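Trainee:
Numbering (the working numbering), first residue to last: 42 to 1242.
1) Is the distance from the Cβ of residue 702 to the Cβ of residue 676 below 7 Å?
2) Within a Cβ cutoff of 6 Å, which residues of the same chain sit near residue 556, ignoring the five residues on either side of it in sequence?
3) Could you check which residue in 871, 900, 927 has the C-alpha nearest to that of residue 909?
4) Quick check on the DSSP output: what are the complete alpha helix (DSSP H) runs of length 4 or more inside the segment 725 to 750, in order along the chain?
5) Might you give, ordered along the chain, the residues of its own chain that have their beta carbon closer than 8 Å to the beta carbon of residue 148, omitting 5 neighbours on each side?
6) Tell me, to the nearest whole angstrom, how far the beta carbon of residue 1102 is from that of residue 1120; I am working on the premise that it is less than 8 Å.
7) Find out if the Cβ-Cβ distance for the pair residue 1248, residue 1111 is shorter than 7 Å.
8) Can you round the beta-carbon distance between residue 104 and residue 115 to whole angstroms, since I take them to be within the 8 Å contact cut?
9) Tell me, to the nearest whole angstrom, how far the beta carbon of residue 1049 is from that of residue 1072; I am working on the premise that it is less than 8 Å.
10) Give every residue of the same chain whose Cβ lies closer than 7 Å to the Cβ of residue 477, excluding the five residues on either side of it in the sequence, and list them in chain order.
11) Could you pull the start and end residues of the alpha helix (DSSP H) that residue 581 belongs to?
12) Taking the straight line between their C-alpha atoms, what separation do you get for residue 409 and residue 475?
13) Whole angstroms are fine: how far does the CA of residue 1117 sit from the CA of residue 1201?
14) Looking at chain D, is there any beta carbon in it that lies within less than 7 Å of the beta carbon of residue 1056?
15) Which of helix, strand or coil does DSSP assign to residue 324?
16) Just checking my contact of residue 127 with residue 296 at CB under 8 Å: how many whole Å lie between their CB atoms?
17) Tell me whether the beta-carbon of residue 864 lies closer than 7 Å to the beta-carbon of residue 829.
18) If distances are taken between C-alpha atoms only, which option among 962, 922, 964 comes closest to residue 946?
19) Buried or exposed: which applies to residue 844, given that a residue is buried once 16 or more other Cβ atoms fall within 10 Å of its Cβ?
20) Ignore the nearest five residues each way along the sequence and tell me which others in residue 723's own chain have a CB closer than 8 Å to its CB.
21) For the beta strand (DSSP E) that contains residue 684, what are its first and last residues?
22) If residue 698 and residue 667 are in contact, beta carbons under 8 Å, what's the gap, nearest whole angstrom?
23) Could you pull the start and end residues of the alpha helix (DSSP H) that residue 489 belongs to?
24) By a C-beta neighbour count over all protein chains shown, 10 Å radius and 16 as the cutoff for buried, is residue 289 buried or exposed?
25) Residue range of the beta strand (DSSP E) that residue 519 falls in?
26) What number of angstroms, rounded off, separates the C-alpha of residue 1085 from the C-alpha of residue 1031?
27) In terms of residues, what are the limits of the alpha helix (DSSP H) holding residue 1054?
28) Pick out whichever of 122, 1108, 608 has its Cα sitting closest to the Cα of residue 465.
29) Do residue 1020 and residue 979 come within 7 Å of each other at the CB atom, strictly closer than that value?
30) Along the alpha helix (DSSP H) that carries residue 1237, what are the first and last residues, could you check?
31) Which same chain residues, not among the five before or five after residue 941, have their C-beta less than 7 Å away from its C-beta?
32) Going by CA-CA distance only, name the one from 156, 233, 299, 360 that's closest to residue 281.
33) How about the segment 761 to 774 and the segment 579 to 591: do they share at least three Cβ pairs that are nearer than 8 Å?
34) For residue 1241, does the count of other Cβ atoms within 10 angstroms reach 16, so buried, or fall short, so exposed?
35) As an exercise, report each continuous alpha helix (DSSP H) stretch of at least 4 residues that is fully enclosed by the segment 742 to 807, in chain order.
36) Could you work out which residue in 552, 538, 499, 484 is closest to residue 516 when comparing CA atoms only?
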């Protein structure tokens, strides 16, 4: 009962509300799209049409204007005004398929159908066109009643008794005569069935016959009548011309209005209509004038302005009325603004938007429909907070591009494609940013591993590897025609030239031919790329590391912005043609709507109905992004997070798309979502770039930062390793993270983060550790468990407790800084200083880590370690050999006595010139290595400084320390060694022994000459012979170096004709010594001489009037020199020999000169200077009586018998 009462009360309340509402009909905002009938406000068009209809000559009137110009509205207005004066027949061919075959016949058929079916069949009862008529049930029943009534009345008129007899025998008569009510009811039911059933049966039979029975052919006797099927090929107008004429005869129409004929671009139909008009007006059975009015476009007769088109227009129509468009691109905005102004949305639509977008609309029907649809959409979607401007833009798009709008419903079309392309463009931009990030990360990685400090060092190393740095190198590289080799001055420009090289040819030890920039820059794959290392060194010099890290953070931020970037922003930033496809770019309105963001990524909400009871648009977008695996920016705003949570399932909280700052704060604040929180933390702990970016953004937005950092630390063991080693964060940001971890993370989690001692290393270098964490006990526990080794201690002096703890537990690195603090700022942290300190803990720590001490202290600065302690370190067995070598290489020292150093270090010490340059150390080393000159000792001797120092003392000064044989051996080794440079030999030669005999078989000519020039070879027959055997002229040089001794011992030396010539020709031998030398020559010395040498010798004898031995004279006179030469020699020697010898020598010369030796003879010889000198000398010697010149002859008179 209570429920019924409640329902009744509710009904009464609703009734009262309705009664209170004013019964005022709301004015509709909609406007139909049909032509208006009130547009001709000034009546000009109506007057023109009226004039044309009144003019008897005018039968075809054209109303011309572009689509949407208002032609139909003008005609409607005219019909309304002149509906009593004229009877109008409107024919509209509003079909949109203009490409069908047999167009003209179909148009004629359509016109005919609209004429015939326009009027009632009673108007044209004799038309052959029959129509299906609807016969109502009521009409059928009435006809049946009248039919049966007609039969009953006929029977009653002609046989009245028959009805009485029939009635008396019926059940009706019997039932009415009884009082049995049951019988009466049964009779009434049967009577009703008898009456109603035939009526219903008749109705069904009638409809069946009307629907299915068609009479096509009737045959009577031998005659057949067949229905015309209309399949002839004749024109419709021709075929049914009588029907058309009958139509106008039977009807009252005198004005026929044709619309939309111009859609078909079919001129033939106009010609057929003009002919039809002529037939109608000329028909005698039609007693009135019929005018055709055509609403057409201006260019119906052609799409190019020609004289023919002009003639056709004026020839075809009797009167042409132009229509000025009531709407175009210039005023459509005003019209639409007017409509919106008188609507509830006047304050919601942007005026500038209307002015811009309406320039693309020039059709009134389209404009009306846009407004109608906008009103509907706005009302239906008003529950959702949508932008009315974007709604109007979507409606405009729907009306201007309906096909593409339809495709958009099914995720197709141009608009859908551009939003899909947007994602591709964004991915391309992200790829570019990722490439920049990789480049910066590679730069930072190169900087971290770069050990060189200057470009000069880098150039030297790479040029050396390419083998073009050595001055004596024959290898070269040709870059664009410029040759680079060791002895050229352009090496400094090599890599600058290489960077932009076009062609490269190399001629190296293991590579000849063309090469690429990369091959040269990497030394054919053996070294890292030169240019990357160059960039790294320049960055180090400019201190650009932090700059690069900031750029990395900026690029990561830019990536996030790009992912959230709208299509509108994308179009603004890029070239439009790169965003829009060619097909879309042609649709200027669509381009405008997209460019200005009126159609954006939220377009779905403007084209479909949505129930907004639970979620806002942003919430919906976020939920969809998770469902569709499409990430949104982490800072994306959410409105109703509680409702969002109800839309998500557990597995989705492991997706990357669920990451959102507001969502995570909400989950952290609601303990019932702990499982979801754990899923998100596990997702963030995977170390991906997305997770790290989210952590970095959320850390500063977290409501409970401590819990968040503690959770991440517990799940992500690589948390700090990533921050420190791989994040490329700035130093300031790293310190922020470190402070958060040390403050909020559990100690166990921090220790677990210390993979590869990353955390320990980090803490060891932080100078502001105490400012990062205030809990000293926690610091101590961490330092001890992490075994932190501090790189510096002075920042710990502010806390004596921490400082003492660190020193006592050896939690510091052994380096200059730490030891300087511990040793109270000692000026030199040498090993001797540590040993002499009173701090035994420090001494033990250093001794236990002696390698580290040497490397981190002694080798880092120019500390002068005393020689005694330095030797002690070098001789320590527990000091690594590598470290010892580093000490030798880097420290400046010189061992006074090489014998005090362990033997294994001698080679490197000597090679690195760390041994005092004295003959004692050199000879000691020589003896130690089995009287051999090892390469390092030779290198030591070749050093310019060392050889100069050694040259100050003679090796013989050390005969008291070493045997003479050892001194001779080392001297001989120095002379013979080809590894000792000639330059070194020239310097050291003053310090080695002299030799009475030295085998010169292995000595170079240059060194042999040096030995001669430095008087280290005595003039002995053995040395003379050795020099002559191994060299061409050095034996002569030895003789000339000692001329007096040589002349004195001339007979002890083995001379030949060439030797004689060299000595005679030499400018170093005095004339006096030359004369003595020649006078004491032995003929055996000239036996191997050629004619030139003999001739020169004779010439020298004659020139200096020298007396030679008869033995030499005999040899020369018998030599194969010319007769003239021998005669001149004899002529010069006659004064030095007796007559007997003269006779002997003349006889040796032969006739005719031998006849001179015969007495009592008169001899004739040629008259020349030599013969004349000979006979003159003979005459002076009184060897002949006389001689007389007789023209060409000399007459010689010998002595008488």
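The beta-carbon is built from N, C-alpha and C at its ideal position, and this holds for glycine as well.
All figures in this text were calculated on a predicted structure; none of them were measured in a lab.
Mentor: With the structure as the only source:
1) yes
2) 545, 547
3) 871
4) 730 to 740
5) 134, 302, 305, 307, 310
6) Going by Cβ atoms, the distance from residue 1102 to residue 1120 rounds to 16 Å, so no, they are not a contact pair.
7) Not covered by the structure: residue 1248. The range shown for the chain is 42 to 1242.
8) 7 Å
9) 6 Å
10) 596
11) 571 to 583
12) 51 Å
13) 40 Å
14) Among the protein chains of the structure shown there is no chain D, as only one such chain exists.
15) coil
16) 5 Å
17) no
18) 922
19) buried
20) 695, 756
21) Here residue 684 belongs to no beta strand (DSSP E); instead the alpha helix (DSSP H) covers 682 to 688.
22) 5 Å
23) 454 to 490
24) buried
25) 517 to 520
26) 24 Å
27) 1046 to 1054
28) 608
29) yes
30) Element bounds for residue 1237: not the alpha helix (DSSP H) but the beta strand (DSSP E), 1234 to 1239.
31) 912
32) 156
33) yes
34) exposed
35) 746 to 756, 772 to 785, 788 to 794, 799 to 806
36) 552
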